[in-house]
Amino acid sequence: MAHLWAVFGDGADESARPMKESVISAHAYGVVLDLGAGYGHTIQYLDRTKVTRYVAVEPNALMHTKLCQVANQFGYIEADGSLVILGCGAEEIDTILAKVDEASHPFDTIISVLTMCSLPSPRETLTKIVKGLLKPGGQLLFYEHVRSPRDDVARWQSFYEPIWGVFFDGCRLGQPSDVWVEDMKDVDEHGKQVWIWDEGRCWNERLAEEVNLTWIVMGRFVRKGGLQPNGSTPDLD
Numbered sequence: 302m303a304h305l306w307a308v309f310g311d312g313a314d315e316s317a318r319p320m321k322e323s324v325i326s327a328h329a330y331g332v333v334l335d336l337g338a339g340y341g342h343t344i345q346y347l348d349r350t351k352v353t354r355y356v357a358v359e360p361n362a363l364m365h366t367k368l369c370q371v372a373n374q375f376g377y378i379e380a381d382g383s384l385v386i387l388g389c390g391a392e393e394i395d396t397i398l399a400k401v402d403e404a405s406h407p408f409d410t411i412i413s414v415l416t417m418c419s420l421p422s423p424r425e426t427l428t429k430i431v432k433g434l435l436k437p438g439g440q441l442l443f444y445e446h447v448r449s450p451r452d453d454v455a456r457w458q459s460f461y462e463p464i465w466g467v468f469f470d471g472c473r474l475g476q477p478s479d480v481w482v483e484d485m486k487d488v489d490e491h492g493k494q495v496w497i498w499d500e501g502r503c504w505n506e507r508l509a510e511e512v513n514l515t516w517i518v519m520g521r522f523v524r525k526g527g528l529q530p531n532g533s534t535p536d537l538d
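Per this note's numbering, the very first residue in the sequence shown carries number 302; after that it's consecutive.
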């Protein structure tokens, strides 16, 4: 996958800049976990005055050198602890907790950019990530391609998905990641299943492109409990 990002990464990122700014730049704060960090394209969207620590999960070690260089350019340094690069997978919750040297639920913000589509056991893994790593009151931000809302396009996604996965490192073209996040549940103190989020929404700013096989959705979801850094309740506007 590294060679694909080396060729297409910058161009793909630039074309998506307004959308990424609307979900990442506008909301990321505190200790941030970047799932599938790649070459660090997400870092430029972080406000260094609001993001105190950047933890990058990237299992491809070939990407780590450039990832570190990009992070350094934006003020995140391994020596002072503001940068942590992990070579494990996003599903390795215990490894992430051990490496960041924090108690459970250490992250204020978890970011996923075109990563959910290639997670192992994706629905189960997403739930474990939120339950095990995201603070109460913390937020999940994502920019992902998902299953198209149009049945005809969704059928084509299913048709092309096997060959797509071969060329794009196991990526699942029509995975309904947004639906899984919206439907995510937790268990309360009475053993009753409840919505895990205080608030959340998904949106798309390119509705005219519904026919696109890579239907992009952005989302921001705030976990139940806790307050934002200013002491207020979450505001999704």
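Glycine included, C-beta positions come from ideal geometry on N, C-alpha and C.
Report the rounded CA-to-CA distance for residue i versus residue j, giving the unit in angstroms.
i    : j    : result
W498 : E506 : 23 angstroms
G439 : D335 : 14 angstroms
P360 : C503 : 27 angstroms
L514 : P421 : 22 angstroms
S356 : M417 : As written in the sequence, residue 356 is Val, which differs from the Ser given in the question. Taking the straight line joining both Cα atoms gives about 17 angstroms.
L427 : A380 : 30 angstroms
M485 : P423 : 12 angstroms
D348 : W465 : 34 angstroms
P319 : D395 : 34 angstroms
Under three-state DSSP, which class holds residue i?
i    : result
T366 : helix
F469 : coil
M417 : helix
L514 : coil
A357 : strand
P437 : strand
I497 : coil
K486 : strand
Y444 : strand
Q529 : Per-residue confidence for Q529 stands at a pLDDT of 49, beneath the threshold of 50, marking its modelled position as unreliable; no derived number is given.
F460 : helix
D538 : Residue confidence is low: D538 scores 47 on pLDDT, short of 50, so the model does not pin down where it sits. Its coordinate-derived value is still stated next. It is coil, neither helix nor strand.
With the cut-off set at 8 angstroms, would you say residue i and residue j are in Cβ contact?
i    : j    : result
F375 : L441 : no
Y346 : K321 : yes
V563 : A399 : In the structure displayed, the chain extends from 302 to 538; residue 563 sits before or after that span and is not available.
H365 : I386 : yes
G337 : R354 : no
Any heavy atom of the ligand GDP within a distance shorter than 7 angstroms of the CB on residue i?
i    : result
D402 : What this structure holds is no ligand at all, so the ligand GDP is not there to describe.
What does DSSP give as the partner residue(s) for residue i in the beta ladder?
i    : result
D335 : A357 and I412
I386 : A357
G520 : F443 and C503
Going by C-alpha to C-alpha distance, which of the options sits closest to residue i?
i    : options                   : result
L434 : K493, T410 and W457       : T410
P437 : R354, G526, G331 and V332 : G526
I412 : R524, V518, V333 and W496 : V333
L415 : T350, W496, Y330 and P477 : P477
K429 : P450, Y444, D487 and I378 : D487
S459 : F469, V467, Y330 and R448 : R448
E315 : G331, H342, A329 and S326 : H342
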